[in-house]
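*Asks:*
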Amino acid sequence: MNSLRPIWPLLLAAAAPALAQAPAAPPAYDSAFAGYRAYQEPQAASWKHTNDQLRKAPGHMGRDMSAMKKPDLATDDDPHAGHDMSAMKKNVPPAEAKPDHGHQHKE
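In case it helps, mature numbering (1 follows the signal peptide of the UniProt record, and there is no 0) puts the sequence shown at residues -20 to -1, 1 to 87.
Written out as structure tokens, the structure reads:
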């Protein structure tokens, strides 16, 4: 540290012109809230008007459902009338019950 003592006057003399200059302008300040607008609740539509608009819309939620197959309604005689059972296998025997559940128990 003692070896730097003779250099201090030179450093101060070199820095003196920079210290004597006019101070720099302060940096511009832009607030993060400069363009802030308070929240306003949107105006609610009339429920009657909304119902009228939905009544005029075709299909389900505005989708055209005219191409869909209409299911057969179930009756008391056949509660599965509305189900498409064509892909089901016919006359499949039930699975055989296994007392060991397919693995061996350790005793």
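Just so it is clear, CB atoms sit at the ideal spot from N, CA and C, and this is done for glycine as well. As the structure is a prediction and not an experimental result, all values here were calculated from the model.
#1: For residue 36 and residue 26, I'd like the C-alpha separation in whole angstroms.
#2: Can you tell me the Cα-Cα spacing of residue -11 and residue -5, whole angstroms?
#3: From residue 2 to residue -14, what does the alpha carbon distance come to, in whole angstroms?
#4: Do you know offhand how far residue 69's Cα is from residue 58's?
#5: Just to confirm my understanding: we take residue 63, look at its own chain, exclude 5 residues before and 5 after, and list those with CB closer than 7 Å. What are they?
#6: Whole angstroms is fine: what's the gap from residue 14's alpha carbon to residue 8's?
*Replies:* So, from the listed chains and residues:
#1: Approximately 16 Å, taken between the alpha carbons.
#2: Rounded to whole angstroms, residue -11 and residue -5 show a C-alpha spacing of 10 Å.
#3: Using only the alpha carbons, I get a separation of about 26 Å.
#4: Rounded to whole angstroms, residue 69 to residue 58 spans 19 Å at the Cα level.
#5: Same-chain partners within the cutoff: there are none.
#6: In this structure, the CA atom of residue 14 is about 13 Å from the CA atom of residue 8.
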